[in-house]
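Here is the structure we will look at, set down as structure tokens.
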Amino acid sequence: MNAKEYLSQAMWLDQRINSKLEQLDTLRALAAKVGANLTEEKVSGGNNIKSHVENTVAKIVDLENEINEDIDRLVDVKAEITGTINQVDDPISQIILEQRYINGKGWDEVAREIGFDIRTAFRAHGKALKEIEKIKKRQ
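Mapped onto this note's numbering, the consecutive letters of the sequence shown carry residue numbers 1 to 139.
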């Protein structure tokens, strides 16, 4: 795994968590719709709706557990990456790496925060990645 892939782990995991949170919202909305129908009188097949609600609730619980596990993993990954970034000598490089890979900011925002134009930020980023490669090889 190269330096950029290593540093990007937290960003990808964060996006995965956000995707699962969207899925969770969808499941909750579905459960609410089905639950609302339970108040209507059904002549036959009423148990079908009840089992559908139970299945949906089980899926919600399973997904919530997955999200919690992913969040725990994200915290650990961010802590590890932050420890690696802190070993970089140049404080500007540290800020660039933290803003991009820990805070998930876009390049325009990263460059603006450090007072660089985007091309200078990219060059500093490239230099920082080389230093991360060296650090990872020592570990």
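Cβ atoms here follow ideal geometry from the backbone N, Cα and C, with glycine treated the same way.
**Message:** Need the endpoints of the alpha helix (DSSP H) that residue 102 sits in, please.
**Reply:** As a working mapping, residue 102 is identified with position 102 in the sequence shown. Note, residue 102: premise wrong, no alpha helix (DSSP H); not H, not E.
**Prompt:** Are the Cβ atoms of residue 127 and residue 93 separated by less than 8 Å?
**Reply:** In the sequence shown, counting from the first residue as 1, residue 127 sits at position 127. In the sequence shown, counting from the first residue as 1, residue 93 sits at position 93. Contact: yes.
**Message:** Within 10 Å of its beta-carbon, does residue 61 have 16 or more other beta-carbons around it, so buried, or fewer, so exposed?
**Reply:** Counted from its first residue, the sequence shown places residue 61 at position 61. By the 10 Å Cβ count, residue 61 comes out exposed.
**Asked** Thinking just about the alpha-carbon of each residue, which of 23, 26, 83 is nearest to the one in residue 102?
**Response** Sequence index remark: in the sequence shown, residue 102 carries index 102 (1-based). Of the listed residues, the one whose Cα sits closest to residue 102 is 83.
**Message:** Measuring only the C-alpha atoms, how far is residue 10 from residue 57?
**Reply:** Counting from one through the sequence shown, the residue named residue 10 turns up at place 10. Counting from one through the sequence shown, the residue named residue 57 turns up at place 57. Cα to Cα, the separation comes out at about 29 Å.
**Request:** Find out if the Cβ-Cβ distance for the pair residue 67, residue 30 is shorter than 8 Å.
**Result:** Residue 67 sits at position 67 when you count from the first residue of the sequence shown. Residue 30 sits at position 30 when you count from the first residue of the sequence shown. Contact flag unset, no.
**Request:** Note down the Cα distance separating residue 139 from residue 54, rounded to an integer number of angstroms.
**Result:** Translated into positions along the sequence shown, residue 139 becomes position 139. Translated into positions along the sequence shown, residue 54 becomes position 54. Going by the C-alpha atoms only, they are around 49 Å apart.
**Asked** If you run the structure through DSSP and keep just helix, strand and coil, what is residue 53?
**Response** By one-based count along the sequence shown, residue 53 stands at place 53. In this structure, residue 53 counts as helix in the three-state DSSP scheme.
**Request:** Please go through the same chain and pick out, in chain order, the residues whose beta-carbon is closer than 8 Å to the beta-carbon of residue 75, but skip the five residues on each side of it.
**Result:** The residue you call residue 75 lines up with position 75 of the sequence shown. Excluding residues within five positions, none has a Cβ falling inside 8 Å.
**Request:** Determine the direct distance from the alpha carbon of residue 12 to that of residue 72, and round the result to whole angstroms.
**Result:** Here the question's residue 72 lines up with position 72 in the sequence shown. Here the question's residue 12 lines up with position 12 in the sequence shown. One C-alpha to the other measures close to 14 Å.
**Request:** Go ahead and pull the three-state DSSP assignment for residue 23.
**Result:** In the sequence shown, the residue the question calls residue 23 occupies position 23. The answer is helix: DSSP assigns residue 23 an H, G or I state.
**Message:** Please tell me whether residue 129 and residue 4 are closer than 8 Å, where the distance is taken between their beta carbons.
**Reply:** The residue you call residue 129 lines up with position 129 of the sequence shown. The residue you call residue 4 lines up with position 4 of the sequence shown. Yes; because the gap between Cβ atoms is below 8 Å, this pair is in contact.
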